[in-house]
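Peer 1: Take a look at this one; I'll ask things after.
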Amino acid sequence: MGLPSVAVMKQDLACLVTRTVSECGNEFSDERLDYFKEVYSEIMSASDYKSLRAGMQKFLVVIEFSSKKRVICIRRRAKYPHKTMLLLSAYLKEHPYVKSLLCDNTEKSGPWLH
Numbered sequence: 423m424g425l426p427s428v429a430v431m432k433q434d435l436a437c438l439v440t441r442t443v444s445e446c447g448n449e450f451s452d453e454r455l456d457y458f459k460e461v462y463s464e465i466m467s468a469s470d471y472k473s474l475r476a477g478m479q480k481f482l483v484v485i486e487f488s489s490k491k492r493v494i495c496i497r498r499r500a501k502y503p504h505k506t507m508l509l510l511s512a513y514l515k516e517h518p519y520v521k522s523l524l525c526d527n528t529e530k531s532g533p534w535l536h
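If you read the sequence shown in the numbering used here, its first letter stands for residue 423, the second for the next number, and so on.
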């Protein structure tokens, strides 16, 4: 399966950020909500897959809630019944290409969405 166009993915990813804020916004500080606005702007101004991936990785970092300084694995979601993670997990099932976009085997964090 090939990736959809950047325009299609941009709309989907922006929608994910918006949904997360509307459904889980009360769990975040004002500073974190401001960061979401920055991530949203970055996604909306992306012109290629690389810049989209950068925006999405920033989004994953901001919703990360473990004490480790890395994005938590989706497969660990059952251990952490956090609303945002569940929302993201549901989104990944709905949009499998997000997984393709985010998996970058050249980085240490490559396996985080397996």
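For glycine and all other residues, C-beta sits at the position ideal for the given N, C-alpha and C.
Would valine 428 and leucine 474 be called neighbours here (beta carbons separated by less than 8 Å)?
Peer 2: In contact: valine 428 and leucine 474 (Cβ atoms closer than 8 Å).
Peer 1: May I have the straight-line CA-CA distance separating serine 451 from methionine 431, to the nearest angstrom?
Peer 2: If I take the Cα positions, the gap works out to 27 Å.
Peer 1: Can you give the Cα-Cα distance for isoleucine 465 and leucine 455, rounded to whole angstroms?
Peer 2: C-alpha separation (whole angstroms): 15 Å.
Peer 1: Here's a check: name, in chain order, each residue in its chain whose Cβ is nearer than 7 Å to the Cβ of alanine 436, leaving out the five neighbours to either side.
Peer 2: Hits under 7 Å: Tyr462, Ile465 and Met466.
Peer 1: DSSP state of serine 463, grouped into three classes?
Peer 2: Residue state, collapsed to three classes: helix.
Peer 1: To the nearest angstrom, how far is the alpha carbon of tyrosine 471 from that of serine 444?
Peer 2: One C-alpha to the other measures close to 26 Å.
Peer 1: Assign threonine 440 to one of two classes, buried (16 or more other C-beta atoms within 10 Å of its C-beta) or exposed (fewer than that).
Peer 2: Classification for threonine 440: exposed.
Peer 1: With 16 as the cutoff for other CB atoms within 10 Å, does threonine 528 come out buried or exposed?
Peer 2: Confidence in threonine 528 is poor, its pLDDT being 35 and thus under 50, which makes the residue's placement too unreliable to answer from.
Peer 1: Cα separation between lysine 480 and tyrosine 457?
Peer 2: Whole-angstrom Cα-Cα distance: 9 Å.
Peer 1: Specify the secondary structure class of serine 473 as computed by DSSP and reduced to three states.
Peer 2: Looking at serine 473 - three-state DSSP - the assignment turns out to be helix.
Peer 1: Within 10 angstroms of its Cβ, does alanine 500 collect 16 or more other Cβ (buried), or is it exposed?
Peer 2: Reliability fails at alanine 500, whose pLDDT of 39 lies under 50, so the model's placement of it is uncertain and no value is given.
Peer 1: Three-state secondary structure (DSSP) at alanine 429?
Peer 2: The answer is helix: DSSP assigns alanine 429 an H, G or I state.
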